[in-house]
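If you're matching positions, the sequence shown starts at 5 in this note's numbering and goes up one per residue.
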Amino acid sequence: MESEDDPLDGLARLIAESAGPGRERALAERELSTLAARRPALRPVARRWRDNVAELARTRTDDPDAVEAFVAVSDGLCASLLLNDAEADPEHIRAVLGRTLRRTHQ
């Protein structure tokens, strides 16, 4: 990982915590998202995580497709960790997140 102060490192650690000490929080957020899909009044609260992740991505890129991919990958990594019993590797998570921010075309 790059540094303790790097927001991407912080996000990777937070996502990794979904497999351990942050599991209950991550489950509650996932349940809130499902409930918000049925109850529009809950959507602003449920979107807060995605909005914060998108804001972080925008500090690294102005490509809206990359921002959308970054948010989707973040959500997917969290869901995957909740479904697996394996320990999470923050360095691997950071590498996957970082890959979504790299330009694939010039």
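C-beta atoms are modelled at their ideal positions from N, C-alpha and C, and glycine is treated no differently. Keep in mind the model is a prediction, meaning the values are calculated, not measured.
Among L105, E91 and V71, the one whose alpha carbon lies nearest that of G26:
E91
Using a Cβ distance threshold of 8 Å, determine whether the region 64-72 contacts the region 95-108, with at least three qualifying pairs required.
yes
TODO: Go through the region 8-85 residue by residue and report every complete run of the alpha helix (DSSP H) that reaches 4 residues or more, in order.
DONE: 11-20, 27-42 and 47-62
Query raised in the report: Where H109 and T65 are concerned, what is the direct C-alpha to C-alpha distance, given to the nearest angstrom?
Result: Note that H109 has pLDDT 44, beneath the 50 cutoff, so the model's placement of it is unreliable and the number below is only indicative. Straight-line Cα distance between these residues: approximately 13 Å.
Bounding residues of the alpha helix (DSSP H) (the contiguous stretch that carries A92):
Neither: A92 is in no alpha helix (DSSP H) and is coded neither H nor E.
**Prompt:** Is the region 43-50 in contact with the region 13-30, if contact means three or more CB pairs nearer than 8 Å?
**Reply:** no
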